[in-house]
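Taking the working numbering, the leading residue of the sequence shown gets 1, the next gets one more, and so forth.
Glycine included, every Cβ here is placed at the ideal spot set by N, Cα and C.
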Amino acid sequence: MKTNAFVEPDDIRTLFSRALSGMYKTEVPQYGALLDLVADINAEVLQESKELADRLREAGQLDRLDVERHGAIRLGTVEELAVMRRLFAVMGMRAVGYYDLSVAGVPVHATAFRPVEDSSLKRNPFRVFTSLLRLDLIGDAALRERAAKILVGRSIFTPRCLELIDRAERDGGLSGRDTQEFVAQALETFRWHSEATVDIETYRQLRASHPLIADVVCFKGPHINHLTPRVLDIDQAQAAMLEKGIRAKDAIEGPPKRKCPILLRQTSFLALEEPIRFQGAEGADGTHTARFGEIEQRGCALTPKGRALYDDLLKASLEAGRDAGSRASALARVFEAFPDDARALQRAGLAYFRYSVDRRNLVRSRPVSANASVDELLDQSLVRAEPLVYEDFLPVSAAGIFRSNLGSEGAAHYVAGGNREAFETALGASVMNEFALYEAAQAASLEECRRELANVPVMASN
């Protein structure tokens with residue numbers, strides 16, 4: 001049975017994300033420079049906009065800003081994915097969303113492990129975008145079989161980590177001492193290894209098929225390939241990277257700059273070229289590029305209607321602009337069709353919101369109808385609407401980041417499409433529906449508003 005001696009999953013998640021960030025900063029010093037850059041920009045933006053600072057504080061987002069990170073890993077086998085789900089569960093993280101990246105030329109499908117409760121998101125919204133290699137998309141049968149044999153021969157989790165996962169599941173949690181050991185052992189799975197598990201010729205063959213395949217198959221484990229802090233002005237961050245001589249990707253992924261940000265915008269510094277020692281009689285030296293640093297700016301979560309409009313406009317902008325310069329102008333022009341005002345988004349049902357009672361207007365001369373619409377409550381200034389933060393990812397943007405940091409070899413077009421059923425079978429669970437989570441959070445906030453308004457005494461009229 002669970003006892004008070006157990007460490008809360010939210011606290012385990014915070015301990016792990018801090019340890020992971022510290023490790024990555026040591027392994028990739030430029031990531032530390034990126035954190036400093038983001039911290040300076042966020043401080044400047046908050047100082048210049050007291051209104052934004054107050055909004056973030058009221059929405060519970062200000063305290064989480066400094067600790068907010070997302071990372072990404074790539075797994076090779078269904079067994080690895082099943083255990084990874086159990087590892088993240090110890091930290092209070094669930095699999096949310098299914099992402100098919102094969103449509104964008106990347107031979108993986110994925111989910112995002114993250115907290116799902118509002119209280120947990122406010123404490124630490126750490127997320128890990130977790131991809132599973134699709135060996136079935138390797139066209140060369142012999143190479144596909146060899147990759148499978150290589151992956152079967154590795155174990156990415158330490159024996160002690162597996163024991164502690166078993167203990168957490170059996171007992172319902174981990175003690176303080178076990179938590180410290182769990183974080184240390186779990187960290188080993190995400191650590192970089194400069195020695196490949198294959199000879200250089202095998203590496204080259206796999207890389208020629210697709211650089212990501214080589215990154216997954218040729219190493220001891222799924223090294224964290226990037227960590228991402230949240231910035232409040234990604235355009236300023238992109239310019240600052242270039243000013244400081246940091247090699248940044250040529251364009252920001254996602255929607256254009258807006259007064260009311262939507263979904264997710266991402267950029268990165270380009271992957272490092274790192275020395276690798278390969279197996280074989282000659283023990284050849286070589287290099288590998290995969291690890292980079294990313295920055296993200298998160299906007300509001302869109303409803304299915306809003307997401308359909310976004311996808312249509314994004315497709316139109318991609319068709320209108322091919323190179324980086326024309327893409328940016330096409331994106332801005334096409335997205336003029338997407339409302340850029342929170343109230344307009346709410347009226348059109350394009351985005352999700354968290355509603356709260358405006359306590360400055362609680363005193364009133366007549367009761368609020370139990371059937372009052374959200375628009376009526378907003379028009380009377382009895383409630384306020386704050387856009388819900390988009391906590392998830394965009395497959396086209398993820399693929400764009402991957403391509404920028406993996407190289408152009410093996411560029412491919414896969415026609416197989418997604419296979420959510422196979423992914424969930426490998427996972428050992430269904431992935432949660434992100435739209436359902438946002439819908440539930442919005443509905444719960446509105447219901448709380450109605451309860452609070454119903455209990456406000458009505459002033460007697462003179």
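- Spanning the alpha carbons of Gln442 and Ala141 requires a straight line of approximately 49 Å.
- For Arg146 and Thr197, the gap between their C-alpha atoms comes out near 13 Å.
- Shown here, Glu296 sits in a strand according to DSSP, grouped into three states.
- Rounded to whole angstroms, Phe6 and Arg170 show a C-alpha spacing of 13 Å.
- Residue burial annotation: Val152 is exposed, with fewer than 16 other C-beta atoms found within 10 angstroms of its C-beta.
- Rounded to whole angstroms, Ala184 and Arg18 show a C-alpha spacing of 11 Å.
- Under the criterion of beta carbons closer than 8 Å, Lys305 and Gly349 qualify as touching, at roughly 6 Å.
- Less than 8 Å separates the beta-carbon of Pro125 from that of Arg64.
- If you look at Tyr98, you'll find it isn't in any alpha helix (DSSP H); it sits in the beta strand (DSSP E) that goes Arg94 to Asp100.
- Around the beta carbon of Leu242, fewer than 16 other beta carbons sit within 10 angstroms, so the residue counts as exposed.
- The beta strand (DSSP E) runs lying completely inside the region 34 to 89 and spanning 3 residues or more are 69 to 75, given in chain order.
- The DSSP-derived three-state label of Gly286 is strand.
- Around the Cβ of Leu227, a 10 Å sphere holds 16 or more other Cβ atoms; the residue is buried.
- Contact between Arg55 and Ile165 is absent: CB atoms are separated by about 39 Å, not below the 8 Å threshold.
- The continuous stretches of alpha helix (DSSP H) do not include Val357, which lies in the beta strand (DSSP E) extending over residues Phe353 to Val357.
- Exposed is the label assigned to His193, since fewer than 16 other Cβ atoms lie within 10 Å of its Cβ.
- The Cβ atoms of Ser445 and Tyr355 lie closer than 8 Å to each other.
- Ala330 has its alpha-carbon roughly 23 Å from the corresponding atom of Ala342.
- Counting C-beta pairs closer than 8 Å gives fewer than three between the region 63 to 82 and the region 249 to 259, which falls short of the contact rule.
- For Leu302, there is no enclosing alpha helix (DSSP H), as DSSP marks it with neither H nor E.
- For Ser268, the uninterrupted beta strand (DSSP E) run begins and ends at Leu264 to Phe269, by DSSP.
- Residue nearest to Arg74 within the set Val96, Val45 and Leu133 is Leu133 (criterion: CA-CA distance).
- Residue Asn419 holds the alpha-carbon nearest to the alpha-carbon of Ser102 among Gly286, Asn419 and Ala429.
- Taking 8 Å as the cut-off, the beta carbon of Gly299 is found no closer than this to the beta carbon of Ile252.
- Across the set Asp358, Leu388, Asp11 and Leu318, the C-alpha of Leu388 shows the shortest separation from the C-alpha of Phe435.
- Annotation: the continuous alpha helix (DSSP H) that includes Glu188 extends over Gly176 to Thr189.
- Nearest Cα to Ala240 within the set Ala39, Glu447, Glu448 and Lys25: Ala39.
- Listed in chain order, the non-local C-beta contacts of Asp392 below 7 Å within the same chain comprise Val96, Gly97, Ala112 and Glu434, local neighbours out to five positions each way being set aside.
- Take Leu232, set aside five residues on each side of it, and the residues of its chain with a beta-carbon closer than 6 Å to its own are Asn42 and Val45, in chain order.
- By the neighbour-count definition (other C-beta atoms within 10 Å, threshold 16), Arg265 is a buried residue.
- Within the same chain, Gly428 come within 6 Å of Ala82 by CB-CB distance, once the 5 residues on both sides are set aside.
- Here Phe335 carries a helix assignment [DSSP, helix/strand/coil].
- Annotated three-state conformation of Glu273 is strand, per DSSP.
- A direct Cα-to-Cα measurement between Gln380 and Ala301 gives close to 25 Å.
- Closest in alpha carbon position to Arg114, among Arg247, Ile213 and Ile12, is Ile12.
- Under the three-state reduction of DSSP output, Glu117 falls in the coil class, being neither helix nor strand.
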